[in-house]
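Be aware that the sequence shown starts at 0, since it is given in numbering that gives the first Met the number 0, and climbs by one per residue.
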Amino acid sequence: MKPVRLLAFLVATLLIAATARGGEWITLFDGSSTAMWRGYRQSTFPARGWVVEDGALRVMAGGGGGDIVTRDCFENFELVLEWKAAPRANSGVMYRVAETGGSTWNTGPEYQIFDDLGHNLAPDHINSTGALYDLKKPSADKKAVVRPAGEWNETRIVLNRGVVEHWLNGVKLLEDDLNGDDWKSRVAASKFRVYADFGQHARGRIALQDHGNDVWFRNIRIRDLDMPSHSAVTPVPRGDAWWKQRFEAMQAEVNKGDAQILLIGDSITQGWEGPGKAPWEGELLPRKAVNLGIGGDRTQHVLWRLKNGNLDGIAPRFAFVMIGTNNSNGEDNTVTEIADGVRAIVNTLRDRLPTTKIVLWDIFPRGDKPNPQRGKIAQVNQILARLHDGERVFFRPIGHLFIEDDGSISNTVMPDFLHLSPEAYGLWWFQIEKTLMELGE
0 MKPVRLLAFL VATLLIAATA RGGEWITLFD GSSTAMWRGY RQSTFPARGW
50 VVEDGALRVM AGGGGGDIVT RDCFENFELV LEWKAAPRAN SGVMYRVAET
100 GGSTWNTGPE YQIFDDLGHN LAPDHINSTG ALYDLKKPSA DKKAVVRPAG
150 EWNETRIVLN RGVVEHWLNG VKLLEDDLNG DDWKSRVAAS KFRVYADFGQ
200 HARGRIALQD HGNDVWFRNI RIRDLDMPSH SAVTPVPRGD AWWKQRFEAM
250 QAEVNKGDAQ ILLIGDSITQ GWEGPGKAPW EGELLPRKAV NLGIGGDRTQ
300 HVLWRLKNGN LDGIAPRFAF VMIGTNNSNG EDNTVTEIAD GVRAIVNTLR
350 DRLPTTKIVL WDIFPRGDKP NPQRGKIAQV NQILARLHDG ERVFFRPIGH
400 LFIEDDGSIS NTVMPDFLHL SPEAYGLWWF QIEKTLMELG E
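Shown next as structure tokens:
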């Protein structure tokens with residue numbers, strides 16, 4: 000990305016972030032960028048079959064692009080979008096999509112998009128617009144609001160704790176409990192019965208279907224119903240010139256496409272290239288590690304970086320994360336807010352790097368002696384420990400190794416009682432090496 004374009008993008012993002020915190024709406028398609036999407040079971044957006052035209056995302060008849068999915072996953076959400084279909088066209092919006100099957104519909108229930116009039120379907124047909132495709136009919140009230148081929152319709156899908164609602168042009172068409180016995184019976188009697196994962200992934204991707212017909216989508220937004228609203232979880236870049244330069248340099252390393260290990264964090268992570276130079280150059284670089292640490296970063300800055308290029312086009316085996324100490328300064332963020340921010344980072348890594356093992360370090364202690372900030376950090380770490388699942392996420396607390404028996408921290412370990420010495424980086428490397436062996440390097 001060229002510096003001038005990056006500057007304009009950063010300014011625009013700052014403005015969007017400043018206005019988005021209250022409603023928590025995330026724009027999935029803004030009329031120009033497809034950055035929030037990729038092909039199903041692909042790492043990039045389809046090179047054919049989907050185009051952006053006149054502020055809309057069009058799937059082209061016979062284009063062969065295949066279905067597209069969001070880069071992020073969602074569990075409890077409200078999704079709104081507008082669409083219009085060509086005469087006799089067919090498409091759909093899937094949710095709870097997991098990339099375990101050959102097609103999106105093998106796992107994802109579908110909000111049907113259809114030219115009802117062109118196919119002479121009754122408004123409450125089980126395969127008509129707004130239906131939970133092949134499983135539940137939409138309300139006959141749809142007849143008064145559905146618009147014909149070539150005209151824009153607004154779809155709204157709400158999924159919360161397993162209960163889904165389908166809306167069309169302001170009218171609720173259906174409600175269904177995806178955890179209920181009635182739902183299970185209908186699935187068992189449908190063509191989806193052969194897919195064991197159908198509708199079973201509580202946290203999944205949103206998909207737009209390529210059914211071989213011309214369909215247009217625009218103004219696509221989603222609101223995560225579980226996401227709190229505060230600074231630690233609101234992705235935002237920093238405006239400093241040096242920060243932008245560091246981001247561009249990191250991105251150049253990512254763009255090589257061969258990263259096997261990611262180190263993600265703030266100045267303590269960036270310090271691998273300084274006081275940690277010996278193990279960095281001797282051990283980590285030969286293993287194709289990329290340093291994604293920037294001094295002064297907080298969880299919100301790391302989130303922005305991960306969602307704006309730092310994870311694109313790569314499939315590393317391991318991602319090591321240590322972040323949050325800067326959020327703990329003063330009253331900037333509470334214990335819960337800091338933990339929310341780290342959790343959002345872990346979820347982003349899970350969603351965007353589905354084969355990567357995530358190693359989460361505890362936030363390291365700071366200060367020469369026990370102090371309130373250390374206590375705050377310790378409380379955050381107690382929450383972070385719960386993210387460990389032993390499959391994708393591995394919590395590794397090592398901060399205690401930097402503390403003396405009397406609770407003090409030596410300046411031979413942390414010269415300023417925050418940043419690590421060469422000796423401490425050596426200790427940290429030993430823990431990384433140990434973890435790599437445990438997890439099957």
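Virtual Cβ for every residue (Gly too), placed ideally from N, Cα, C.
- Collapsing the DSSP output to three states places Thr103 in a helix.
- Around the Cβ of Lys141, a 10 Å sphere holds 16 or more other Cβ atoms; the residue is buried.
- For Asn152, the closest alpha carbon among the candidates Pro236, His200, Ser127, Glu81 is that of Glu81.
- In this structure Met93 is buried. Its beta-carbon is surrounded by 16 or more other beta-carbon atoms within 10 angstroms.
- For Glu432, the secondary structure class from DSSP, reduced to helix, strand or coil, is helix.
- If you ignore the 5 residues before and after His418, its C-beta comes within less than 8 angstroms of the C-beta of Ser266, Ile267, Gly270, Pro274, all in its own chain and listed in chain order.
- In this structure the stretch 224-231 touches the stretch 334-352; the number of beta carbon pairs closer than 8 angstroms is three or more.
- Boundaries of the beta strand (DSSP E) harbouring Gly292: 288-292, taken from the DSSP string.
- Counting every other CB atom within 10 Å of its CB across the protein chains shown gives Asp361 a total of 16 or more, marking it as buried.
- DSSP places Thr335 in the helix class (H, G or I) of the three-state scheme.
- In the three-state DSSP reduction, Val392 falls in the strand class (E or B).
- The three-state reading of DSSP puts His300 in helix, counting H, G and I together.
- Distances from the alpha-carbon of Ala201 to those of Met413, Leu172, Asp176, Asn212 put Asp176 closest.
- In the three-state reduction of the DSSP assignment, Trp151 falls in the coil class, being assigned neither a helical nor a strand state.
- Three or more beta-carbon pairs separated by less than 8 angstroms are not found between the stretch 245-263 and the stretch 400-417, which leaves the two stretches without contact.
- If you draw a straight line from the Cα of Arg70 to the Cα of Arg37, it is about 6 angstroms long.
- Under the three-state reduction of DSSP output, Leu134 falls in the coil class, being neither helix nor strand.
- Between the C-alpha atoms of Leu291 and Lys368 there is a straight-line separation of about 30 angstroms.
- By the Cβ rule, the stretch 313-324 counts as touching the stretch 347-365, because three or more pairs are nearer than 8 angstroms.
- The stretch 359-418 is shown to contain whole alpha helix (DSSP H) runs of 4 or more residues at 371-383, in chain order.
- Asp296 sits buried, since 16 or more C-beta atoms from the chains shown fall within 10 Å of its C-beta.
- Cβ neighbours of Pro396 within its own chain (closer than 6 angstroms, five residues either side excluded): Asp361.
- Scanning Ala34, Gly169, Gly198 for the CA closest to the CA of Leu134 turns up Gly198.
- Where Met249 is concerned, the enclosing alpha helix (DSSP H) starts and stops at 240-253.
- Per DSSP, Lys83 is one residue of the beta strand (DSSP E) stretching across 76-84.
- Around the beta carbon of Ser31, fewer than 16 other beta carbons sit within 10 angstroms, so the residue counts as exposed.
- Secondary structure of Ser90 (DSSP, three-state): strand.
- DSSP, reduced to helix, strand and coil, places Arg192 within a helical segment of the structure shown.
- Between Val68 and Tyr39, the C-beta spacing is below 7 angstroms.
- In terms of Cβ geometry, Ala55 and Trp242 do not form a close pair [threshold 7 angstroms].
- Per DSSP, Thr69 is one residue of the beta strand (DSSP E) stretching across 67-69.
- The bridge partners DSSP lists for Gln111 are Gly91.
- Using a Cβ distance threshold of 7 angstroms, Ile156 and Leu78 count as a contacting pair.
- Your pair Ala130 and Lys136 checks out as a contact, with CB atoms roughly 6 angstroms apart and the cut at 8 angstroms.
- Nearest C-alpha to Thr128 among Val163, Arg87, Asn105: Arg87.
- Put simply, of Ile357, Glu422, Asp404 the residue whose alpha carbon is nearest the alpha carbon of Pro278 is Glu422.
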